[in-house]
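What follows is one structure encoded as structure tokens, with my remarks underneath.
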């Protein structure tokens, strides 16, 4: 039973952290079009902090199960008060210049502290102060003892100043609601079909960026200009004239040994290519095939787009291959054939670039796609590549068939 409980605790904690990151991103994106100097921090001074137009907004976020209530004795309420009380005591928080927001998915009961700290006509800071004092006097639970001490340790007027700065946002959006809010922004930017793909990449970048700031010696906020720039960069990759090139794919590497029997490597062996250039070919093949598969899986390609692209590549190759065959003639020596084949391969390797879309111009897509075609024996480098590959790849099968 205890093991099961610890699993649920860990799961709730993980959801809580992801909730913070998602909400921070949503809050940041909602700042677009405001003061250009805004910034966002996660797990620095509070769960989330946004500084914009000279004002600090600091969030404590509480993601709780459906049906949870934020009562006067709730641990969530008192932990939050402790965090802000200690920050005021230590001089790290000025309630006169800071908006303090407690956002919770819990329900706020009527006539509770949280109820009187909500925005609107029913807001009553003095009544909230009275209820807190009554709850502090009544509660003797060890779990809240330090929180109560921190709150009561504030000097005259500081409690009221802190409560005046606090706004409770009850029945707040849960993690799925926040995801839908982010998706709506992405939908507006790139359309419904590509919105999820854009959001996946944006969230991945933002989470990694938050990890970097938390690991740094000085936990610096993420400038809004950086988020704006990244969003614009990713958005442009989903325009009709472009496709996304993902960093994790663009950094992939592989060795010849992992692909040693593939046909495209056999083709390079036929022309005596050096091992380093073969490993570069393996890298381009891996990246192109992986990126193309991701595009297809995420429905980012138009019907027939890959087939059309490969046709254009093959037609370019056919022209160069035909010229090579004419120049070689029928009596060319093997050494001459290999030298000419290397010229064609060098043209693919260093010169020719045909983009799948006008602005999608990473070289590995073109080079790797040629290796995909070579793997299917639809292009080749050696003038006799079809016969040579047949001799290399088919002898075992041929012998079996002959015996049958």
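Numbering (UniProt numbering), first residue to last: 1 to 404. Cβ coordinates follow ideal geometry from the N, Cα and C atoms, glycine included.
Check, Outcome
"Those residues which DSSP pairs with residue 107 across a bridge", "69"
"Segment limits, beta strand (DSSP E) that includes residue 62", "55-62"
"Run of the alpha helix (DSSP H) containing residue 190, from where it starts to where it stops", "175-190"
"Counted within 10 angstroms of its Cβ, other Cβ atoms place residue 214 as buried (16 or more) or exposed", "exposed"
"Endpoints, the beta strand (DSSP E) within which residue 167 is located", "166-169"
"Within 9 Å, strictly: CB atoms of residue 44 and residue 69", "no"
"Length of the line joining the Cα atoms of residue 402 and residue 387", "Low confidence applies to residue 402: its pLDDT is 39, below 50, so where it sits in the model is not reliable, and the reading given next is rough at best. Cα-Cα distance, rounded: 19 Å."
"Cβ pair residue 132, residue 85 closer than 9 Å", "no"
"Residue environment, residue 37, which counts as buried when at least 16 other CB atoms sit within 10 Å", "exposed"
"Between the CA atoms of residue 238 and residue 404 - distance to the nearest angstrom", "Here residue 404 scores only 33 on pLDDT, less than 50, and its place in the model should not be relied on; the value that follows carries that caveat. One C-alpha to the other measures close to 54 Å."
"Span of the alpha helix (DSSP H) around residue 249", "247-250"
"Extent of the continuous beta strand (DSSP E) to which residue 219 belongs", "Element bounds for residue 219: n/a, residue is neither H nor E."
"Secondary structure of residue 34, DSSP reduced to three states", "coil"
"CB-CB length for residue 207 against residue 272, believed under 8 Å", "Contact doesn't hold; Cβ gap of about 46 Å is too wide."
"In DSSP terms, what residue 40 is bridged to", "50 and 222"
"Helix, strand or coil at residue 273 according to DSSP, with G and I counted as helix", "coil"
"7 Å Cβ shell around residue 172 - same chain, five flanking residues per side excluded", "103, 104 and 105"
"Residue from 317, 203 and 373 with nearest C-alpha to residue 346", "317"
"Residue 378 in three-state terms, based on DSSP", "coil"
"Which of helix, strand or coil DSSP assigns to residue 353", "coil"
"Alpha-carbon spacing of residue 249 relative to residue 290, whole angstroms", "7 Å"
"Beta-carbon separation (whole angstroms), residue 202 vs residue 234, contact threshold 8 Å", "6 Å"
"Beta carbon of residue 224 nearer than 9 Å to that of residue 32", "yes"
"Cβ contact check for the region 370-379 and the region 261-279: 3 or more pairs under 8 Å", "yes"
"Residues of its chain near residue 27, where Cβ-Cβ distance is below 6 Å and the 5 sequence neighbours each way are ignored", "50"
"Bridge partners - residue 100, DSSP secondary structure assignment", "58 and 166"
"From 229, 326, 348 and 221, residue whose alpha carbon lies closest to that of residue 277", "348"
"Residues that DSSP places opposite residue 360 in a beta bridge", "357"
"For residue 356, the nearest candidate out of 190, 184, 302 and 325 (CA to CA)", "302"
"Segment limits, alpha helix (DSSP H) that includes residue 406", "Because residue 406 is not part of the residues shown, which for the chain are 1 to 404, the question remains open."
"Collapsed DSSP secondary structure at residue 6 in the structure displayed", "Only weak support exists for where residue 6 lies, its pLDDT of 46 falling under 50; the value from the coordinates is given anyway. Correct three-state label for residue 6: helix."
"Whole-Å CB distance - residue 354 paired with residue 313, under 8 Å assumed", "6 Å"
"Rounded separation between residue 54 and residue 175 - CA only", "29 Å"
"Straight-line Cα distance separating residue 17 from residue 137", "32 Å"
"9 Å Cβ cutoff met for residue 194 and residue 300", "yes"
"Backbone secondary structure at residue 120 - three-state DSSP", "coil"
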